[in-house]
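Engineer: Residue numbers (UniProt numbering), protein chains in the order written: chain A, 1 to 222; chain B, 1 to 312.
Note that CB positions come from ideal geometry on N, CA and C, so glycine has one too.
Provided herewith is a single structure, encoded as structure tokens, for subsequent inquiry.
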């Protein structure tokens, strides 16, 4: 199923420039690319830059092993001061930015806010019935925690802020398409959940807003 | 002419120093080059850099390039001719600046870029920029909330040669475009300029009298747009800016402009000087070349703590 779908997309993608050539000979490529990504055109759009491809290339072979090696158990991580937690379980590209940490969580979903496109679930990680973290389940995500957790690619690796931002957005889109889109959104509350996720320690006292890299549901618990 | 005057001044200063019997060794010079100080953002940057450099024991020259790549090259030439040891630069264009920074590098002078990046690495020693994408998303989230997730709006975009214009617009749209009832009826560049924004806002109002909100790529354009909206009796229009200037802060506190996003411009300039100092002393900054600094949403709740691009 997946390969055939990819084939169809490849054929469509290959067909598009041809169609565009026929209709509007001199249309600059960046306009088409901006329209295709559902965004507005800017003077720095680079049609050769393909963030989805970059994400596809690193997700399984590099990103997941990296995060699994980096991650600490949620409770242990939360017990540490931000700098301690960051040094042990996280990364920051420069001293002027907050730490982004990776955590493993086993918990229970206490609430779900799925009426918005920036959908989230509340997760109780210590069994006291109160939520300890908020997990983004998309399709709209706040922030670029996945991007900011990575030490093997940085702002230095990209031509400019615009491409670096697109890379961050493509990482969020990847976990949505791979896992989160298929969640039974009306049947989440009460289920157990296991996840590997990242969050930024910009306000250490606030409840973490976690972007998952892996997420699995278990059975409903009483 | 200006050059001879500067030489003359240097001569007088030298004489004075000798006159007081102080060892006649000149301090190392740091050149601070930014766009015009007409925009308080650039003035704050220049001040932040200058004061930090002086505190670290440097002499400074402060120059402006008025967003003109040719003038920028002249200012770099001046810095080279004056024997500057380091250049702090808010540049005049992501592509056009590369040659100027390369020229300084070839003359042995390291450049530390603030606010705006260039499209290459390895020429400047540091490029410290605000996390414009994060900041724009903060501003857009507040704009969406204020708009009640629906209505017609316009966007004022900055100078096209500046990456910051593109990245802020992208950050805005990555949030706003998820709300199908928010409709963009106009999107125009006002080149970061207050007067251009005033004229653009007037014509947008004529073409789209039903407009409910305006999101602006910086605060000077927001001030121009607000003046046009006020003149047209349309102070009901929801306006959100970007920068965190004292002018917009005051407007927010008076119930005019609704929100802005603070770029830590003052601290950014200080940080660039600190890294320049460290580089001159040790040969490295200890940080990667390209660096981001997070932005902060400014609303009526925290506007009172904002002063000269920093939180009190």
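Quick one: grab the DSSP three-state call for residue 98 of chain B.
Structural biologist: In the structure shown, residue 98 of chain B sits in a helix (DSSP, three-state: H, G or I).
Engineer: Which chain A residues sit within Cβ distance under 7 Å of residue 167 of chain B?
Structural biologist: Neighbours of residue 167 of chain B on chain A, chain order: 161, 162, 165.
Engineer: Quick one: complete beta strand (DSSP E) runs, 3+ long, within the segment 93-148 of chain A?
Structural biologist: You should have 100-113, 118-124, 133-139.
Engineer: Measuring CB to CB, does residue 63 of chain B end up less than 8 Å from residue 86 of chain B?
Structural biologist: Contact: no.
Engineer: Going by alpha carbons, who is nearest to residue 317 of chain B out of B:279, B:244, B:248?
Structural biologist: Because chain B is modelled from 1 through 312, residue 317 of chain B falls outside the range shown and cannot be assessed.
Engineer: So if DSSP puts residue 66 of chain A in a beta bridge, which residue, or which two residues, is it bridged to?
Structural biologist: Beta-bridge pairing links residue 66 of chain A to no other residue.
Engineer: To the nearest whole angstrom, what separates the beta carbons of residue 91 of chain B and residue 293 of chain B, a pair I think is in contact under 8 Å?
Structural biologist: In fact, because the Cβ distance is near 17 Å, the residues do not count as touching under 8 Å.
Engineer: Would you say residue 189 of chain A reaches chain B, if we count a Cβ-Cβ gap shorter than 8 Å as a contact?
Structural biologist: For residue 189 of chain A, the answer is no, since every Cβ of chain B falls outside 8 Å of its Cβ.
Engineer: Name, going along the chain, the residues of the segment 52-74 of chain B whose beta-carbon falls closer than 8 Å to a beta-carbon of chain A.
Structural biologist: The segment 52-74 of chain B vs chain A, Cβ under 8 Å: nothing.
Engineer: What three-state label does DSSP hand residue 195 of chain B in the structure shown?
Structural biologist: If DSSP states are grouped into helix, strand and coil, residue 195 of chain B belongs with the helices.
Engineer: How many Å lie between residue 99 of chain A and residue 109 of chain B at the Cα?
Structural biologist: Going by the C-alpha atoms only, they are around 33 Å apart.
Engineer: Flag residue 98 of chain A as yes if its beta-carbon sits less than 8 Å from any beta-carbon of chain B, otherwise no.
Structural biologist: Yes, because at least one Cβ of chain B sits closer than 8 Å to the Cβ of residue 98 of chain A.
Engineer: Mind checking residue 27 of chain A: buried by the 16 CB within 10 Å criterion, or exposed?
Structural biologist: Low local confidence applies: a pLDDT of 35 at residue 27 of chain A is under 50, so the model's placement there is unreliable, with the coordinate-based value given in what follows. By the 10 Å Cβ count, residue 27 of chain A comes out exposed.
Engineer: Could you name the residues of the segment 111-139 of chain B whose beta carbon sits closer than 8 Å to any beta carbon of chain A, in the order they occur along the chain?
Structural biologist: Within the segment 111-139 of chain B, the qualifying residues are 117, 119, 121, 128, 129, 131, 132, 133, 134, 137.
Engineer: So, are the CB atoms of residue 174 of chain B and residue 206 of chain B less than 8 Å apart?
Structural biologist: It is not a contact, given that the beta carbons lie outside the stated cut-off.
Engineer: Where do the N-terminal and C-terminal ends of the alpha helix (DSSP H) with residue 150 of chain A fall, by residue?
Structural biologist: Looking at the DSSP string, residue 150 of chain A is not in any alpha helix (DSSP H), and its letter there is neither H nor E.
Engineer: Excluding the five sequence neighbours on either side, which residues of its own chain have a C-beta within less than 8 Å of the C-beta of residue 68 of chain B, listed in chain order?
Structural biologist: These residues qualify, in order along the chain: 92.
Engineer: Quick check on the DSSP output: the beta strand (DSSP E) that includes residue 218 of chain A runs from which residue to which?
Structural biologist: Its beta strand (DSSP E) spans residues 209-220.
Engineer: I want to verify the contact list: residues of chain A whose CB lies under 8 Å from the CB of residue 147 of chain B, in sequence order.
Structural biologist: Near residue 147 of chain B there are no residues of chain A at all, since even the closest Cβ is about 15 Å away, more than 8 Å.
Engineer: Residue 117 of chain B to residue 177 of chain A, Cα distance in whole Å?
Structural biologist: The straight-line gap from Cα to Cα measures roughly 32 Å.
Engineer: Taking the alpha-carbon positions, what's the residue 304 of chain B to residue 253 of chain B distance?
Structural biologist: Distance between the alpha carbons of residue 304 of chain B and residue 253 of chain B: 8 Å.
Engineer: Would residue 81 of chain A be called buried (16 or more neighbouring beta carbons within 10 Å of its own) or exposed?
Structural biologist: Exposed, because fewer than 16 other Cβ atoms sit within 10 Å of the Cβ of residue 81 of chain A.
Engineer: Quick check: is the beta carbon of residue 94 of chain A nearer than 8 Å to any beta carbon in chain B?
Structural biologist: Chain B contact via Cβ: present.
Engineer: Give me the Cα-Cα distance between residue 208 of chain A and residue 132 of chain A, rounded to the nearest whole angstrom.
Structural biologist: Computed Cα separation, rounded: 8 Å.
Engineer: Of all the CB atoms in chain B, is at least one closer than 8 Å to the CB of residue 152 of chain A?
Structural biologist: By this cut-off, residue 152 of chain A is not an interface position.
Engineer: Of the choices A:216, A:215, A:94, whose alpha-carbon is the least far from that of residue 151 of chain A?
Structural biologist: Comparing Cα-Cα distances from residue 151 of chain A to each of A:216, A:215, A:94, the minimum goes to A:94.
Engineer: Identify the residues that DSSP records as bridge partners of residue 110 of chain B: which are they?
Structural biologist: DSSP output for residue 110 of chain B lists no bridge partner at all.
Engineer: Which partner residues does residue 91 of chain A have in the DSSP bridge list?
Structural biologist: Bridge partners of residue 91 of chain A: A:100.
Engineer: Here's the rule I'm using: 16 or more other beta-carbon atoms within 10 Å means buried, otherwise exposed. How should residue 258 of chain B be labelled?
Structural biologist: Residue 258 of chain B should be labelled buried.
Engineer: Kindly indicate if chain E contains any beta-carbon less than 8 Å away from that of residue 140 of chain A.
Structural biologist: Structure shown: chain E not included; protein chains present are A and B.
Engineer: Using the C-alpha atoms, what's the distance from residue 229 of chain B back to residue 204 of chain B?
Structural biologist: Using only the alpha carbons, I get a separation of about 10 Å.
Engineer: Which residues mark the beginning and the end of the alpha helix (DSSP H) in which residue 222 of chain B is found?
Structural biologist: Where residue 222 of chain B is concerned, the enclosing alpha helix (DSSP H) stretches over 219-231.
Engineer: With a floor of 4 residues, list each alpha helix (DSSP H) that falls wholly inside the segment 149-196 of chain B, ordered by position along the chain.
Structural biologist: Complete alpha helix (DSSP H) runs here, min 4: 163-176.
Engineer: Suppose only complete runs of 4+ residues qualify. What are the alpha helix (DSSP H) ranges in the segment 49-91 of chain B, listed by chain order?
Structural biologist: Here the runs fully enclosed are 69-81.
Engineer: Roughly how many angstroms separate the alpha carbons of residue 135 of chain B and residue 163 of chain B, rounded to a whole number?
Structural biologist: Cα to Cα, residue 135 of chain B sits roughly 14 Å from residue 163 of chain B.
Engineer: With a cut-off of 8 Å on the beta carbons, I'd call residue 185 of chain B and residue 213 of chain B a contact; round off their distance for me.
Structural biologist: Actually they are not in contact, since the Cβ atoms of residue 185 of chain B and residue 213 of chain B sit about 10 Å apart, beyond 8 Å.
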